[in-house]
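Okay, so the sequence shown: first residue is 3 according to our numbering, each after it adds one. Glycine included, every Cβ here is placed at the ideal spot set by N, Cα and C.
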Amino acid sequence: MNRTVEVLRIEMEGRWYAEELGSAASAISELYDLRFVLELMREDQRDWEVFYDELMHFPPFRRQWKRKLMRQQLMPNPFLPPSSVQFDVSQLSRLHEYLEPDERLEVRRLSYASPGASDLAGIGVIVGHVKDFVFKLIDRHDTRRQRELNDERTAVEIERMRIENARSFVALGRELGFSESEMRKLAAHVDDKQEVLIRLVDQKKLTGVSLGGDGQSTGPDES
3 MNRTVEVLRI
13 EMEGRWYAEE
23 LGSAASAISE
33 LYDLRFVLEL
43 MREDQRDWEV
53 FYDELMHFPP
63 FRRQWKRKLM
73 RQQLMPNPFL
83 PPSSVQFDVS
93 QLSRLHEYLE
103 PDERLEVRRL
113 SYASPGASDL
123 AGIGVIVGHV
133 KDFVFKLIDR
143 HDTRRQRELN
153 DERTAVEIER
163 MRIENARSFV
173 ALGRELGFSE
183 SEMRKLAAHV
193 DDKQEVLIRL
203 VDQKKLTGVS
213 LGGDGQSTGP
223 DES
């Protein structure tokens, strides 16, 4: 994982109460923590895949592979050491405990005004995922307002987008072998954090998100 630090700028307007600011910061931080831990688990998985690939080229494993015994003996890697993260879906609010101090999301600047901004620094690839996630919430609000969509059909579409946004944020869990039950719990956790941000977007308090702290809002990354 690239450990380059990137700055996430959250653009704010209007009158904020202390609990709103705290809730927004906590929601964004927990989204960051969750994505970081999932990426960390994938990194562990890739490291072990490389290890086993190299292992199969050494005796006696190479001879066993030729006899077609390797797959039965090694798959699904019964002696594979556990991931560096012991993931427990019932402890999602404590994922920050797996992060080193310089990996956690850090407040770099807070400018309270209308407009104001909060700059949060973290590992670039994770910050990028969080930025895309929050951007979709803001874009969803703008699209609804522009089209003046208030009918029942639109409400269903907005809910679909919300669910899809939550699921896409934790889609990596499926690659890591999470069960359907675990995936639902992950998505529900993300949706709880999403709800906090949606309220602020709908109140026109959370108005933009960008990378680099340059104040220029951008859309989701192409990658």
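Please state whether the Cβ-Cβ distance between Val211 and Arg11 is less than 8 Å.
yes
Nearest-angstrom Cα distance between Gly118 and Met3?
32 Å
First and last residue of the uninterrupted beta strand (DSSP E) at Met14:
7-14
Going by the beta-carbon positions, is the gap between Asn167 and Phe135 smaller than 8 Å?
yes
DSSP bridge partner residues for Ser113 (one or two, in chain order)
Ala119
Please state whether DSSP places Ser31 in a helix, a strand or coil.
helix
Candidates Arg142, Ala173, Ser170: closest to Glu159 by CA position:
Answer by Cα proximity: Arg142.
Closest to Arg96 by CA distance: which of Ser113, Ser31, Met14, Val7 is it?
Ser31
Looking only at C-alpha atoms, which of Glu177, Met185, Ser181 sits nearest to Ile165?
Met185
What did DSSP end up calling Gly214 once you bin it into helix, strand or coil?
coil
Secondary structure at Ser179, three-state DSSP: helix, strand or coil?
Here residue 179 turns out to be Gly, not Ser, going by the sequence shown. Correct three-state label for Gly179: coil.
Whole angstroms are fine: how far does the CA of Met43 sit from the CA of Asp188?
The residue asked about is misnamed: residue 188 is Leu in this sequence, not Asp. The straight-line gap from Cα to Cα measures roughly 15 Å.
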